[in-house]
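6 is the number of the first residue of the sequence shown in the numbering used here; add one for each residue after it. A virtual CB, placed ideally from N, CA and C, is assigned to each residue, including glycine.
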Amino acid sequence: TQNVAGIVALATAMVSTAETREFEVKRLQGLRDDLVDGLAARIDGLVETVPRDYKVAGNAHVCIEGVESEAVLYLLEKGGVFASAGSSCSSGAISLSHVLTAMGVAPSTGMGAVRLTFGWASTADDVERALDRLARIAISLHCWQGDDVVGFEGTGEEIGGGLAVTGNYLGRARTPDELRADLDQALA
């Protein structure tokens, strides 16, 4: 016995998709471009990894210089914005994606890779929420640990102990002046 209802539903969905595809692609491109443009205006060190003419309409992939994507994802999720790190073929990996490496993305930039995607239910309000949340993240991550274990006098030598790595996050203030500048920006 054939699933006639399923066949009819699939055919109807395919017709609807074909009829709205061009409109949806342009709508998603607009949302994606608004998001990336807004992020670039708000976050220093933001890099759009792929030229817009070569990427999927609903895919915004950016890297934020000097921050770690796992921390970005955590803070985004706290704000109700869900994203992924790295390229889709390395999602879940902690190391720099081989795709980003092959594209020539520097490790200090690529470790801050964030991928946000849009779909049929995405709206301009979603873009504004993501912009608001991401704009606050870059500042908060740079100010994350002013009293880090490494200290400002560090010579790059390893120090023992299980928590010594806490001061080695990308983008950390390396001098008292950098810390003051980060704090000034965060409190402005």
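Determine the burial state of residue i: buried for a count of at least 16 other Cβ atoms within 10 Å of its Cβ, exposed for fewer.
i, result
"M19", "exposed"
"S74", "buried"
"F123", "buried"
"A90", "buried"
"M108", "exposed"
"G115", "buried"
"V2", "Residue 2 lies beyond the range of the chain shown here (6 to 193); nothing can be said about it."
"T25", "exposed"
"S100", "exposed"
"L15", "exposed"
"A65", "buried"
"E72", "Here residue 72 turns out to be Val, not Glu, going by the sequence shown. Per the 10 Å Cβ criterion, buried."
"I164", "Legend: pLDDT at I164 = 44, less than 50; position of this residue unreliable, no value from coordinates given."
So, using beta-carbon positions, are residue i and residue j closer together than 8 Å?
i, j, result
"R134", "G63", "no"
"L105", "A118", "yes"
"L51", "V77", "no"
"S113", "E183", "no"
"A88", "L81", "yes"
Pull up the DSSP beta-bridge partners for residue i, would you.
i, result
"A65", "L121"
"E53", "V67"
"S74", "Answer by DSSP bridge pairing: none, since S74 is not bridged."
"S89", "R120"
Please determine, among the options, the residue with the shortest C-alpha to C-alpha distance to residue i.
i, options, result
"G35", "D130, R141, H103, L81", "D130"
"V132", "D39, G115, D58", "D39"
"V61", "F87, R37, E70", "R37"
"F28", "W125, R141, D137, S102", "W125"
"L121", "D49, Q7, T54, I12", "T54"
"R141", "T180, D58, D49, S127", "D49"
"D58", "K31, A111, A186, T128", "K31"
"R196", "D137, R179, P181, R185", "What the structure shows of the chain is the stretch from 6 to 193, and residue 196 is not part of that stretch, so it cannot be assessed."
Just checking: is the beta-carbon of residue i within a distance shorter than 8 Å of some beta-carbon in chain C?
i, result
"G117", "Looking for chain C here will not work: only one protein chain is present."
Exercise for the section: State whether the region 43-59 contacts the region 19-31, with contact taken as three or more CB pairs (one from each stretch) at a distance under 8 Å. Expected result: no
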